[in-house]
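Protein chains in written order, with the numbering used here: chain C, -4 to 324; chain W, 692 to 1014.
Glycine included, C-beta positions come from ideal geometry on N, C-alpha and C.
These numbers were taken from a predicted model, which means no experiment stands behind them.
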């Protein structure tokens, strides 16, 4: 590079740095998401971005891709960019302490999604245990009404605390309901349809009497359903219950002619917009509860149209007001 | 019969076969379900996904190369298959599209390794990331459902009593056994993997062989992806996460040397069966998933130990002075 060119480049760089911010008083929020490749986080990210545009705040989203180290370094980058509120969907809640402290030192407030982190101001998300209880209570009354003799397969993901809580809540609700039931087996489907299919297939081979499948997300439940079908068992005898209702997969199964009877809906689209609402409230100096709980409800073929516009093909548009009404209850 | 038995016992894979038999006997003592027709079918069907991609991997590793992109190929080829299926309502066209994508991926890998001179570990690592990204971008991380009746038959259907994927696997195993041991291509693969310089000096078409093997590897990985997509009746952007390591671990357990030139298809298939039987057995026995990794690691080490010991004793016998 010639000397003149080098000087020119320097001048350009300085000029670029000197550009004033286009909107200096706009609230700046940073969000490091856990795993953008999952439909759940896709929906959260989309609705958070939409809500940010609605409220005219600046939102920067980064993806940790299930890597704690990447999450921390991306959060550091956002802090360096001077975000006022930092949102984290923790890859590992226990590893977030240092970055939360670092944010505090920089005067940035931290809220987390789904998992509480000590020292963070608040966490926005559902109560997984309570959700599991709701699913269990719904199933107990459904089974009693239909006169089922439940032999249950649980397709879980025990590596994660929130997934364990979904299962614990379900089991506890069944136990207190007084319903005669048997939990035949719990398998680890890792939240993926492919893995869920494989382990459910083996469990069904060992225990073909299974007639209920409870999965910790839509892929776990539908993977179990596919294994049931592939095993040549009678689908009419199966009741499948899902947790999550994250998007297309669950919506297609629940509105189609399948054993998918009910899902504990966690409304990811609502969680995304609630995150931005919470961040805005925080920046105005308002107090937030330690758990900013977003609503859940058991969705079945009977009540789905209350919350979703089912006149189109999935993914259905969310009726946000109906969910907000649940939150106020 | 006894000659066949003694040949089997003295063959390369006897140690591994012993490990597999011990494992099967152990599990069936613990649960009667293991040795039922249904379960054996399940095991073979699960193994077939790894085995079909594994045949390609065996040839690639025999060359002294590696292919890390087979897991991401599961996602990309599966998505393309389902997209084409829904568009044209033809299972055949979906298969052709998936295989073409696989061939193209393999061609890219092969050219990167030969023409661009990039180490295959790096070239296919890059390819793995690009393909996973492409799968995510094209679907926005949402799986797509197959909408054609009959597609699911490929992965779940039977021909007589034999599941279709298992039949495909055995046909391919036979075909590629023949290719590796009775054709020029096979001899080239072993020669190049054994000593690439010598192969070059001997005037073998080294680079053309390497590209061809990567293309075959890509096609086989795509075929396995097609079967997976059919089983799940959907193209999953998350399909095949970690699949490459599963395939590589299984074929190496089966005695394929990472340095190239050493190992057989039969051994690799036994390696695949060992790992599949193990994960099947652990679920049948209702063992908590936290123990699965420990068991897998222990079985890998034990199987390789048995194999090494048997080879050593064979070597001692060969070297011992005649009495």
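Who are the near neighbours of residue i in its chain, counting only those whose CB is closer than 8 Å to its CB and skipping five residues on each side?
i	result
residue 975 of chain W	718, 722, 724, 725 and 730
residue 291 of chain C	121, 122, 125, 126, 129, 259, 260, 261 and 262
residue 818 of chain W	759, 760, 763, 796, 799, 800 and 803
residue 356 of chain C	In the structure as shown, chain C starts at -4 and stops at 324, and residue 356 of chain C therefore has no counterpart that could be examined.
residue 250 of chain C	296, 299, 305 and 309
residue 942 of chain W	745, 748, 749, 752, 954, 959, 962 and 963
Between residue i and chain C, is there a C-beta pair that is closer than 8 Å?
i	result
residue 915 of chain W	no
residue 847 of chain W	yes
residue 937 of chain W	no
residue 852 of chain W	no
residue 984 of chain W	no
residue 722 of chain W	yes
residue 768 of chain W	no
residue 690 of chain W	Given a span of 692 to 1014 for chain W in the structure shown, any question on residue 690 of chain W remains unanswerable.
residue 763 of chain W	no
residue 995 of chain W	no
residue 980 of chain W	yes
Can you grab the Cα-Cα spacing for the pair residue i / residue j, in whole Å?
i	j	result
residue 22 of chain C	residue 933 of chain W	40 Å
residue 872 of chain W	residue 267 of chain C	59 Å
residue 200 of chain C	residue 971 of chain W	10 Å
residue 812 of chain W	residue 821 of chain W	14 Å
residue 232 of chain C	residue 39 of chain C	35 Å
residue 776 of chain W	residue 916 of chain W	14 Å
residue 160 of chain C	residue 247 of chain C	26 Å
residue 1016 of chain W	residue 990 of chain W	What the structure shows of chain W is the stretch from 692 to 1014, and residue 1016 of chain W is not part of that stretch, so it cannot be assessed.
residue 826 of chain W	residue 789 of chain W	13 Å
residue 163 of chain C	residue 151 of chain C	11 Å
residue 41 of chain C	residue 158 of chain C	23 Å
residue 962 of chain W	residue 202 of chain C	28 Å
residue 270 of chain C	residue 837 of chain W	35 Å
residue 919 of chain W	residue 321 of chain C	40 Å
residue 108 of chain C	residue 276 of chain C	16 Å
residue 294 of chain C	residue 714 of chain W	45 Å
I'd like the list of long-range same chain contacts for residue i, defined as Cβ closer than 6 Å, with 5 residues on each side in sequence excluded.
i	result
residue 194 of chain C	182 and 184
residue 192 of chain C	218, 221 and 222
residue 785 of chain W	772, 775 and 776
residue 803 of chain W	809 and 814
residue 323 of chain C	none
residue 25 of chain C	55, 73, 78 and 81
residue 823 of chain W	763
residue 954 of chain W	946, 947 and 948
Is residue i close to chain W, meaning its C-beta is less than 8 Å from at least one C-beta of that chain?
i	result
residue 183 of chain C	yes
residue 270 of chain C	no
residue 157 of chain C	no
residue 17 of chain C	No answer about residue 17 of chain C holds up, because its pLDDT of 49 lies below 50 and its placement is not dependable.
residue 247 of chain C	yes
residue 45 of chain C	no
residue 323 of chain C	no
residue 153 of chain C	yes
residue 11 of chain C	Unreliable positioning characterises residue 11 of chain C in this predicted model, as indicated by a pLDDT of 49, which lies under 50. The coordinate reading is nonetheless provided below. With 8 Å as the cut-off, residue 11 of chain C does not count as an interface residue toward chain W.
residue 37 of chain C	yes
residue 221 of chain C	yes
residue 88 of chain C	no
residue 59 of chain C	no
residue 225 of chain C	yes
Using C-beta distances below 7 Å, list every residue in its chain close to residue i, excluding the 5 sequence neighbours before and after it, in chain order.
i	result
residue 17 of chain C	Low local confidence applies: a pLDDT of 49 at residue 17 of chain C is under 50, so the model's placement there is unreliable, with the coordinate-based value given in what follows. Cβ within range, chain order: n/a, list empty.
residue 69 of chain C	27, 57 and 59
Below 9 Å on C-beta distance, what does residue i contact in chain W?
i	result
residue 187 of chain C	927, 929, 930 and 932
residue 33 of chain C	832 and 929
residue 325 of chain C	Nothing can be reported for residue 325 of chain C, as the shown portion of chain C is limited to -4 through 324.
Residues of chain W with CB closer than 8 Å to the CB of residue i, please, in chain order.
i	result
residue 192 of chain C	922 and 923
residue 138 of chain C	Per Cβ cutoff of 8 Å: no residues; residue 138 of chain C is ~23 Å from chain W at best.
Output, in chain order, the set of chain C residues within a Cβ distance shorter than 9 Å of residue i.
i	result
residue 760 of chain W	Residues of chain C passing the Cβ test: none, with the nearest at roughly 17 Å.
residue 836 of chain W	243, 244 and 247
residue 827 of chain W	31 and 32
Report the neighbours of residue i on chain W: residues whose CB is nearer than 7 Å to its CB, in chain order.
i	result
residue 197 of chain C	733, 971, 974 and 975
residue 180 of chain C	977
Would you mind telling me which residues of chain C sit closer than 7 Å to residue i, beta carbon to beta carbon, in chain order?
i	result
residue 729 of chain W	200
Show which residues of chain C have a CB atom less than 8 Å away from the CB atom of residue i.
i	result
residue 739 of chain W	None at all; the shortest Cβ gap to chain C is about 12 Å.
residue 919 of chain W	189
In chain order, what are the residue ranges of uninterrupted beta strand (DSSP E) at least 3 long that sit wholly in the stretch 40 to 77 of chain C? 53 to 58
Just list the alpha helix (DSSP H) runs in the stretch 885 to 937 of chain W, keeping only unbroken ones of 4 residues or longer that don't cross its boundaries, in chain order. 887 to 892 and 897 to 923
To test your reading of the DSSP string, which unbroken beta strand (DSSP E) runs of 3 or more residues are found completely within the stretch 231 to 301 of chain C? 234 to 239, 255 to 260, 286 to 288 and 292 to 295
List, from N- to C-terminal side, the beta strand (DSSP E) runs of 3 residues or more that fit wholly inside the stretch 146 to 209 of chain C. 146 to 151 and 177 to 183
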